[in-house]
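Written below as structure tokens is the structure these notes are about.
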Amino acid sequence: MKKLFLVIGAPGSGKTTDAEIISKNNAETMVHYSTGELLRAEVASGSEQGKLIESFTSKGNLVPLEIVVKTIVDAISNAPKDVVLIDGYPRSVEQMLELDKILADKRDIELTCVIEVEVSKEVACDRVLGRARGADDNVEVFNNRMNVFLEPLKEIQDFYNKKGILHKINGERTIEEIVGEMESFIKSKI
Numbered sequence: 001m002k003k004l005f006l007v008i009g010a011p012g013s014g015k016t017t018d019a020e021i022i023s024k025n026n027a028e029t030m031v032h033y034s035t036g037e038l039l040r041a042e043v044a045s046g047s048e049q050g051k052l053i054e055s056f057t058s059k060g061n062l063v064p065l066e067i068v069v070k071t072i073v074d075a076i077s078n079a080p081k082d083v084v085l086i087d088g089y090p091r092s093v094e095q096m097l098e099l100d101k102i103l104a105d106k107r108d109i110e111l112t113c114v115i116e117v118e119v120s121k122e123v124a125c126d127r128v129l130g131r132a133r134g135a136d137d138n139v140e141v142f143n144n145r146m147n148v149f150l151e152p153l154k155e156i157q158d159f160y161n162k163k164g165i166l167h168k169i170n171g172e173r174t175i176e177e178i179v180g181e182m183e184s185f186i187k188s189k190i
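Counting in the UniProt record's numbering, the sequence shown runs from 1 upward without gaps.
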């Protein structure tokens, strides 16, 4: 039985870095994926699914929801480890509901927990602009990304709270403190 942990948080919350460090610290039992990496890897594999994904991304179009979720679920099913961390998913209520619907039919995957790395908008903005890597790292783009994150957040939190699987972590501490707490929490659930 695969145990799935979703790690969500604002842009700049550190969710990807946290999940990467934890999976490296526990390489014998855990694997980490980000949604974007999974889609790019599927395209690179040359599979039929990859060709379908590329038919959307090559034109700058969003990959349809069912394809994104199928790619994620396939990656989890085929993961070489039993504990799977995925960061940055779900990004919308639709993504959340689609994943929930598919996992309801999967007996080999359990959504164990959704971990939200909480940071204030100010801290997130400082981090994103402080690490500015390209033209898309500016205040206007950050504000748009933040709004995209915040808009469905309450509904996502309520949904996973009702299931009793939402766990919040204070993301405004040192990486060591955040990773330490998250890693201990994950290990307590496996």
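From the three backbone atoms N, C-alpha and C, an ideal C-beta is built for every residue, glycine too.
Taking a C-beta distance under 7 Å as the contact criterion, Asp18 and Ile186 do not qualify as a contact pair.
Comparing alpha carbon positions, the residue from Val141, Arg131, Thr112, Arg145 closest to Val83 is Thr112.
Taking C-beta atoms under 8 Å as the contact rule, Gly12 and Arg127 qualify, at a distance of about 4 Å. Per the Cβ contact rule, the segment 100-107 is not in contact with the segment 136-145 (fewer than 3 Cβ pairs under 8 Å). Of the candidates Ser184, Thr16, Ile8, Lys24, the residue whose Cα lies closest to the Cα of Lys81 is Lys24.
With respect to the 7 Å criterion, Ile22 and Glu183 are classified as neighbours on the basis of their beta carbons. Annotation for Asn170: the continuous beta strand (DSSP E) segment containing it runs 166-170.
If you check the CB distance, Leu6 and Ile86 come in under 7 Å. As the crow flies, the alpha-carbon of Asp158 is around 15 Å from that of Gln95. Distance check between Ser92 and each of Ser188, Glu155, Glu118 places Glu155 closest, using alpha-carbon atoms only. The alpha carbon of Phe149 has as its nearest neighbour, out of Ala44, Ser120, Ala79, Glu176, the alpha carbon of Ser120. Collapsing the DSSP output to three states places Lys101 in a helix. Around Glu20, the same chain offers His32 as residues with beta carbons nearer than 8 Å, after the five sequence neighbours per side are excluded. Across the set Cys125, Leu39, Glu28, Lys51, the C-alpha of Leu39 shows the shortest separation from the C-alpha of Asp74.
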